[in-house]
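First comes the structure, then the notes that go with it.
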Amino acid sequence: MSHVIEMLNIRKEFPGIVANDDITLQVEQGEIHAILGENGAGKSTLMSILFGLYHADRGQIKVKGREVHISSPNDANDLGIGMVHQHFQLVHPFTVTENIILGKEGHFFLDRRSAAKKIKALSEKYGLNIDPDMIIEDITVGMQQRVEILKMLYRDAEILIFDEPTAVLTPQEIDDLMQIMRNLVSEGKSVILITHKLNEIKAVADRCTIIRRGKLIGVVDVKKTSQAEMASMMVGRPVSFKVDKKPAQVGRVILELYDLKVMNNKKTLGVKGINLSVKSGEIVGIAGVDGNGQTELIEAITGLRQVESGTIVLDGNDITNAPIRKRNEVGLGHIPEDRQKRGLVMENSLFNNVAIKEFYHAPFSKHGILDDEYLKQYAQDVITQFDVRSGEGIYSLAGKLSGGNQQKLIVGREVVSDPELLIAVQPTRGLDVGAIEYIHSQLIAHRDKGHAVLLVSFELDEIFNLSDRIAVMNSGELIDIVKTSETDESAVGLMMAGVKRKEGGQ
Amino acid sequence: MSEIENKEMKSNAFLVAISAVVLGLIAGAVLMALIGSNPFTGFWFLFRGGLMNIERVGNTLATATNLMLVGLSVAFAFRTGLFNIGASGQMLVGGLCATLVAHHVFLPRPLYLVVLILSGLLGGAVWGIIPGFLKAKFNVHEVVATIMMNWIAYWSVYYFVPAYLKGPSLETESASIAIEQTLRSPWLTKLFPGSYINLGFLVAIASVIIIKFILDKTTLGFELKAVGSNRFCAEYAGIRVNKNVVLSMMIAGGLAGLAGLSFYTGYSRNMQIGVLPSQGFDGIAVALLGASNPLGVLFSSLFFGVLQSGKGFMNAMTKVPPEIADTIISVIIYFTATSVLFKRLWEALFKILSRKKAVRDAKPTNNKEVK
Amino acid sequence: MWLTLTRIFPYAIAYTIPMLVTSLGGLYSERSGVTNIGLEGLMLVGYFATAITIKLTEATLGINALALGVMVGVLAGAVFSLLHAFASINLKADQIISGTAINMLASALTVYLARTISGSGNVRILMGIVRKNIPVLSRIPILGPLFFSQTYWTTWLCLLIWGLSWILLYKTSFGLRLRACGEHPSAVASAGVNVHMMRYFGVIMSGSLAGLGGSVILITYSGEFNGTVAGLGFLSLAALIFGQWKPLGILGATFFFGIATTIANVSQVIPSLNIVPPVVFKIFPYVATLLALVLFSKKSAAPKAAGDTF
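Protein chains in written order, with the working numbering: chain A, 1 to 506; chain B, 1001 to 1371; chain C, 2001 to 2310.
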């Protein structure tokens, strides 16, 4: 078979880091080729070079055997390379048609009607099921992704790059996407799939290129390689992904939700009446695809969002409408979903970040005057205990830390205050395996101290590894709560898609 | 803060400020040359006009007083993540309140001064609270809101002054305030004979100290700065963001109101209508050049004070129009906004210098390769 | 009442047009993703450049000096706006600060130059545009006296520009790209369109049109450069917001504001209008804009990426 894309000996350096070090990637005509690597391994950089967003310091790119210079996305498009970005590149107030033709309108005056006709035909050919006249902000995330695919097809792309395409999709939508990829390949297109999820690679890819810390580790035939083999190539050592933990010593009820209803940003019910209790000494994991009400639920418990109706009781206190500070005082710790937006003040020092929840009371301050010495000593203890590595200790700016160390700092801050309930949302997103293992062990340790932990994750593996019980959410409802020991991934996957268990299951 | 980090940041801010000032002065020189004047004579008279004798120093301090208070207002809002472009309107309202008090309230001097100062403070604070409230409650961008508030103040004063505060002669300004009802003080005037210096200067200095203390040492400052640098994190941490936004705009408005007080009842003794006080915008320059730091504001307001108070003398001695000072100030603002330019320039320069040094030291090893 | 209306209407229109065209300039800039609070300064630059040009050429060119003045005013606004474009687009400066600097620089620099020319800082031109009745149309009942009598040619020019802009922004691929730049620039870039170029176009249009607005003030109702456009640029900015960043919206908003200002100005001379204090009409546009912002705060029509660097 012929190579449709060849990237030979690519090197790309950023100040202080070599993102791609002598990487070679060869994609064959008509295959689905996966690129596997941990977060920060250099996958995105490599694809950005192929798409003309970055320029390689060294190396060669060949398309269909011919050496090319790609200096902009335009060049990439002209060569038949298209990319579905992880963050969709769609203009929300515009229609599907307008988004697809943008940059390729054809004439000076817009001809929306004939473009819509062409889009409709493409949509039918590949089974994408898209109405060209819909406004982007009115359609689901899965549909938006298919608009992105149509955008490439409209431009006659031959090579389609998918950057972490399943993160935002439901299990059903993931299956659909896999089918679409197979359709594309059977029509003669080639697909590059960037991901860190092994089961997806196993399900759909033909071959897989594995990179680690900017270096090429190997290219494997997916059918002949096990997931464990690929995982150890990705991480550089055998990984079990299994967390050691003792059986739960469940105590009293810490968090109790009664018929909780919460509005989402679109002013409809995002959480549709949830009852849930979390006890001391256990980890309850909330499984579900992103966007099924988890954010609204957590924001309601933590006080970032108003409750429509229902009651939240934390350790015997009704905190339904309590201000956030009150909740913290009652015993709430929160590792937020977006650590850069919510968790830390990036341009502030570590010691100020460690104190950001507690600065207002003694011994951090007295009569409104801060005790700088105490603040610093406290922060020093936290970063020592939780092994937060930084250039200048407590004086470093939070923004200068690596993602893993930022997260350790947040975990440290939340755990040190010893909250009765610790909420952790996507606590390991974007981290490397070392940091993931550390944070998992901290969550388990918090549980073992006799506290309650509520975990939200979109990664089923993580839910299964940590949780004692699993609560599954789908479109704002709690489908069921099951013991981890009494279920498996496929059952939970079904529930995530909204399928309820039959009567008498438990 | 960290010794290294702090030093690096401070020297960065300092470098940017110096570069902007130098470019502003160069622009001024070019403009002077353009109309056939000698820039050296121009600047000589400009700076002499601000500093050559004790009276002119007094006037410079009086001019700097207004700039210091407005600069502090803008800087304080900046630190809490807000852009107060409405200092002009807050000055007008603060000044109007103070002028009303000066005309109608008669009390023993110390008590009177307290009332007078409070009136300016409150007037400005009210004009600041409104955009603060709109921001907190309805997420109306404070830049737009304060611009609107400026013009509401402008037109309100435009019609209020002739109707209720008209002087005997002119339609376009309020009656003069009796000298003993102003902020002028005999002992200060004796120190700087013949100048406009007034108690507003002490108010400004006190404000600098208080604001510095609030920002650096108090939990209030901690909250305000947290809101300023990341309101989402502040909210998450249990800090009431909206309360702090309103509070910050109130304090910023109050400071600008004090500037109105010192300008209309100290520096001058009446209010002219149809003028949006330009100090409101000069204050942005003061805050930017002072890196939003109270002490920085103190020094940069003194610098701009010299420019603003020397320009009249320069105009009398040369044919350079007084607007040269305003031109220089606006060029300085432009270049502080585009500080990226200098950072790039300086970095490029350092790179070239260090490369030359490396070549001279004949050590061809590249650090990055080794790493 | 009818008589009063026909008397003040031409003034209201004269007042509306510079605002309309300046506001339209702001629309181009903000739709492309660059916030421009420097409209006041850009207007002033056009105002000044037109005054100087006409002053220097009217002796030789006569009435044609006006057209030349307008062209120079537009050009001057465009050139001056490059400062804002460079700062906002290339240097990723804070666009509010840059806009403020533009305003301050324009007011200092124009007066500085005007003073070196005239001493007082005012530049007076000998004559402005002669008002004309449009043949036939001005005889239509009701509409004729209101819209087609005593008109300036610049009014028709500006309305034509408004109409063409509407077509450009909403009916062409260029307009689609420009508007997309103000909503989601990286989407435009990934479609292979040069976002910086589009934004330069937006800002330069804001400079040209604000410059035109300044020119129109001079040659219609002012006749003299006096160092300020008295907040008309900020009023145009208010109209842009009140009109929700849409061509039809700003047409309505500027006309609304124009009438309010006119009533305030003439209410001393026309007793029937003197029931409401003029200050109410003067502050009306600003209060109305604040109210509009409050009302639309839930679903703002503002370009999402306006003010963001790219």
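The beta carbon of each residue, even a glycine, is placed where N, CA and C say it ideally should be.
Spatial neighbours of residue i in its chain, beta-carbon cut-off 7 angstroms, leaving aside the 5 residues before and after
i	result
residue 45 of chain A	12, 19, 20, 54
residue 233 of chain A	210, 217, 218
residue 1999 of chain C	Within the shown structure, residues of chain C are numbered from 2001 to 2310, placing residue 1999 of chain C beyond reach of any answer.
residue 371 of chain A	363, 364, 365
When the options are compared against residue i, the one with the closest alpha-carbon
i	options	result
residue 1306 of chain B	B/1121, B/1051, B/1031, B/1040	B/1051
residue 2120 of chain C	C/2225, C/2011, C/2057	C/2225
residue 2077 of chain C	C/2026, C/2131, C/2012	C/2026
residue 1257 of chain B	B/1192, B/1124, B/1238, B/1251	B/1124
residue 340 of chain A	B/1317, B/1112, B/1232	B/1232
residue 449 of chain A	A/247, A/401, A/388, A/402	A/247
residue 377 of chain A	A/41, A/354, A/390, A/368	A/354
residue 446 of chain A	A/422, A/467, A/465	A/422
residue 292 of chain A	A/270, A/311, A/399	A/270
residue 2117 of chain C	B/1308, B/1056, B/1226, B/1035	B/1035
residue 2104 of chain C	B/1121, B/1229, B/1283	B/1283
residue 2249 of chain C	C/2024, C/2146, C/2161	C/2024
residue 1089 of chain B	B/1333, B/1073, B/1063	B/1073
Contacts around residue i, its chain only, beta-carbon distance under 6 angstroms, and the 5 residues preceding and following it disregarded
i	result
residue 2133 of chain C	2149
residue 2048 of chain C	2110, 2225
residue 2278 of chain C	2264, 2267
residue 1006 of chain B	In this prediction, residue 1006 of chain B has a pLDDT of 47, which is less than 50 and means its spatial position is unreliable; nothing more can be read from the coordinates.
residue 2307 of chain C	2035, 2095
Neighbour list for residue i in chain A, Cβ cutoff strictly below 7 angstroms
i	result
residue 2076 of chain C	Going along chain A, no residue has its Cβ under 7 angstroms from residue 2076 of chain C, so there is no contact; the nearest lies around 29 angstroms.
residue 2176 of chain C	98, 102, 105, 110
residue 2309 of chain C	Residues of chain A passing the Cβ test: none, with the nearest at roughly 17 angstroms.
Chain B contact residues for residue i, given Cβ-Cβ distances below 7 angstroms
i	result
residue 2297 of chain C	1138, 1139, 1140
residue 2109 of chain C	1327
residue 2294 of chain C	1134, 1138, 1140
residue 365 of chain A	1219
Cβ shell of residue i (< 8 angstroms), same chain only, five flanking positions each side left out
i	result
residue 2296 of chain C	2244
residue 307 of chain A	260, 261, 262, 300, 320, 321
residue 1099 of chain B	1165, 1174, 1177, 1264, 1265, 1270, 1271
residue 2142 of chain C	none
residue 1336 of chain B	1016, 1017, 1020, 1285, 1288, 1289
Interface partners of residue i on chain B, CB under 8 angstroms
i	result
residue 2092 of chain C	1340
residue 2115 of chain C	1321, 1323
residue 2087 of chain C	1334, 1337, 1338
Neighbour list for residue i in chain A, Cβ cutoff strictly below 9 angstroms
i	result
residue 2188 of chain C	89, 91, 102, 103
Chain-ordered neighbours of residue i on chain B, where CB pairs are closer than 9 angstroms
i	result
residue 2112 of chain C	1031, 1035, 1320, 1321, 1322, 1323, 1324, 1326, 1327
residue 319 of chain A	Here the premise fails: no neighbours, minimum Cβ distance about 12 angstroms.
residue 2037 of chain C	1085, 1143, 1144, 1147
residue 2059 of chain C	What residue 2059 of chain C touches in chain B: nothing, since even the nearest Cβ is about 23 angstroms away.
Contact set between residue i and chain C, taken where Cβ atoms lie within less than 8 angstroms
i	result
residue 1156 of chain B	2279, 2283
residue 85 of chain A	2190
Chain-ordered neighbours of residue i on chain A, where CB pairs are closer than 8 angstroms
i	result
residue 1229 of chain B	345, 346, 347, 348
residue 2193 of chain C	102, 103
Chain-ordered chain C contacts of residue i [CB-CB under 7 angstroms]
i	result
residue 1330 of chain B	2101, 2104, 2105, 2108
Under 9 angstroms from the C-beta of residue i: neighbouring residues of chain F
i	result
residue 2183 of chain C	This model lacks chain F altogether, as its protein chains are A, B and C.
Next on the checklist: What are the residues in the stretch 454-473 of chain A lying within 7 angstroms of chain C by C-beta distance?
Outcome noted: For chain C, none of the residues of the stretch 454-473 of chain A brings a beta carbon within less than 7 angstroms of one of its beta carbons.
Item to check | alpha helix (DSSP H) runs contained entirely in the stretch 33-89 of chain A, provided each spans 4 or more residues | outcome: 43-50, 73-78
Next on the checklist: Output needed in chain order: residues of the stretch 259-291 of chain A with a Cβ under 8 angstroms from some Cβ in chain C.
Outcome noted: Within the stretch 259-291 of chain A, not one residue has a Cβ closer than 8 angstroms to any Cβ of chain C.
Checklist entry - What residues from the stretch 2148-2172 of chain C come within 9 angstroms of chain A, judged by C-beta to C-beta, listed N to C? => result 2167, 2170, 2171, 2172
Item to check | Interface positions of the stretch 68-80 of chain A facing chain C (Cβ-Cβ less than 9 angstroms), listed along the chain | outcome: 72, 73, 74, 75, 76, 77, 78
Checklist entry - the stretch 44-60 of chain A: which residues have C-beta closer than 8 angstroms to a C-beta of chain C, in chain order? => result none
Next on the checklist: Along the stretch 2229-2243 of chain C, where does the CB come closer than 9 angstroms to a CB of chain B? Name the residues.
Outcome noted: 2230, 2231, 2234, 2235, 2237, 2238, 2241
Checklist entry - If you measure beta-carbon to beta-carbon, which residues of the stretch 1269-1290 of chain B are closer than 9 angstroms to chain C? => result 1274, 1276, 1278, 1281, 1282, 1284, 1285, 1288
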